[in-house]
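A.B. asks: Quick note on the numbering used here: the sequence shown kicks off at 1292 and runs consecutively.
First the structure, which I've put down as structure tokens, then a few questions once you've had a look.
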Amino acid sequence: HYILSQSEVCKGKNIFLLSLIFSSPENGTRRDLIRKTWGNVTSVQGYHILTLFALGMPVLVTTQQEIDKESHKNNDIIEGIFLDTSENQTLKIITMMQWAVTFCPNALFILKVDEEMFVNLPSLVDYLLNLKEHLEDIYVGKVIHQDTPNRDPSSQEFVPFSKYPEKYYPDYCSGETFIMSQDVARMMYVVFNEVPIMVPADVFVGICAKVFKLIEYDSFQNKTFFMYKISSEVCNLSEIVVTVSNNGKEFCNFSLLTISNRICFF
1292 HYILSQSEVC
1302 KGKNIFLLSL
1312 IFSSPENGTR
1322 RDLIRKTWGN
1332 VTSVQGYHIL
1342 TLFALGMPVL
1352 VTTQQEIDKE
1362 SHKNNDIIEG
1372 IFLDTSENQT
1382 LKIITMMQWA
1392 VTFCPNALFI
1402 LKVDEEMFVN
1412 LPSLVDYLLN
1422 LKEHLEDIYV
1432 GKVIHQDTPN
1442 RDPSSQEFVP
1452 FSKYPEKYYP
1462 DYCSGETFIM
1472 SQDVARMMYV
1482 VFNEVPIMVP
1492 ADVFVGICAK
1502 VFKLIEYDSF
1512 QNKTFFMYKI
1522 SSEVCNLSEI
1532 VVTVSNNGKE
1542 FCNFSLLTIS
1552 NRICFF
């Protein structure tokens, strides 16, 4: 199932949070930026965090050669045996959840996050630590309500009635980032083959969650789980868990601020 598996990376470790960053094969520069910023955090309040990159296969052999070098240097890339295309994103989620359940069963929580995101790990860990009495059945993210299937046959995202006959999708967490507990990942893995793969990847996960009557949560107490874009005037990130940033300078500033919360300069 894997070209690169890092199958030994979890052995003998008590992992609180496994971060799986969904990255495009060609984006080595972005992965390096994450390694130097929020992905460099290995412990928060004494709880171990493991960050890995999830890839499918590139089209070009030369790109694969670069990935092999990158993996040899960093030992943090999982690469599935499928082309990393928009059509294969559901397969990518299935493959990576299978990896987490098989090779990292000791991880208490699993974070799925796209490479465009900046994750405030101290804020996230603080939230998860407050779930002391409810560490199971966790499926948390930005919840999408009453989304409708695309019925346009000319669309790349077309979903025929034969594959999904309902008017609305069940509530689901946006695929840009979500968190699930290890027990949920195991349950998802059990029902993967029972859900139509033609629906969008994040909807696919939501349908699997519905099978087990899981409730999607977007409440992070007093924190904002997901903010699409932070104003350049906002320098205190303590109440924000995840945000989008395609700017390398912002990534570095955000990383410093989550540590210091001091005044920042853009």
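By construction, the Cβ of each residue, glycine as well, lies at the ideal position given by its N, Cα and C atoms.
What does the Cβ neighbour count give for Val1494, buried or exposed, with the cut at 16 atoms within 10 Å?
C.D. replies: buried
A.B. asks: Find out if the Cβ-Cβ distance for the pair Val1496, Val1482 is shorter than 7 Å.
C.D. replies: no
A.B. asks: Have a look at Leu1415 and Tyr1463 and give me their C-alpha separation to the nearest angstrom.
C.D. replies: Cα-Cα distance, rounded: 20 Å.
A.B. asks: Could you spell out the range, first to last residue, of the alpha helix (DSSP H) harbouring Lys1433?
C.D. replies: Taken as a continuous stretch (DSSP letters only), Lys1433 belongs to no alpha helix (DSSP H), being part of the beta strand (DSSP E) at Tyr1430 to Ile1435.
A.B. asks: Could you compute how far the alpha carbon of Tyr1460 sits from the alpha carbon of Gln1447?
C.D. replies: 18 Å
A.B. asks: Could you check what DSSP says for His1292 in three-state terms: helix, strand or coil?
C.D. replies: coil
A.B. asks: Val1404: buried (16+ other C-beta within 10 angstroms of its C-beta) or exposed?
C.D. replies: Classification for Val1404: buried.
A.B. asks: Three-state secondary structure (DSSP) at Lys1274?
C.D. replies: Nothing about residue 1274 can be read from this structure; the chain reaches only from 1292 to 1557.
A.B. asks: Identify whether Met1495 lies in helix, strand or coil by the three-state DSSP scheme.
C.D. replies: Going by the sequence as given, residue 1495 is Phe instead of Met. In this structure, DSSP gives Phe1495 a helical state, which the three-state scheme calls helix.
A.B. asks: Rank His1436, Pro1413, Ile1429 and Met1471 by C-alpha distance to the C-alpha of Val1532 and give the top, closest one.
C.D. replies: Pro1413
A.B. asks: Starting from Leu1419, trace the alpha helix (DSSP H) in both directions and tell me its first and last residue.
C.D. replies: Leu1412 to Leu1420
A.B. asks: Beta carbon of Ile1340, beta carbon of Thr1333: below 7 Å?
C.D. replies: yes
A.B. asks: Quick test of your reading: Leu1420 and Leu1309, contact by CB under 8 Å. State the CB separation rounded to the nearest angstrom.
C.D. replies: Contact doesn't hold; Cβ gap of about 16 Å is too wide.
A.B. asks: Is the distance from the Cβ of Val1307 to the Cβ of Leu1399 below 7 Å?
C.D. replies: According to the sequence provided, residue 1307 is Phe. The question's Val does not apply to it. The answer is yes: Cβ separation under 7 Å.
A.B. asks: State the DSSP-derived secondary structure class of Glu1299, mapped to helix, strand or coil.
C.D. replies: The answer is coil: DSSP assigns Glu1299 none of H, G, I, E or B.
A.B. asks: For Met1408, name the three-state secondary structure that DSSP assigns.
C.D. replies: strand
A.B. asks: Determine the burial state of Val1352: buried for a count of at least 16 other Cβ atoms within 10 Å of its Cβ, exposed for fewer.
C.D. replies: Note on Val1352: under 16 other CB atoms within 10 angstroms of its CB, so exposed under the neighbour-count rule.
A.B. asks: Have a look at Glu1299 and Phe1452 and give me their C-alpha separation to the nearest angstrom.
C.D. replies: Distance from the CA of Glu1299 to the CA of Phe1452, rounded to the nearest whole angstrom, comes to 43 Å.
A.B. asks: Rounding to the nearest angstrom, what Cα-Cα distance links Lys1364 and Glu1457 in this structure?
C.D. replies: 48 Å
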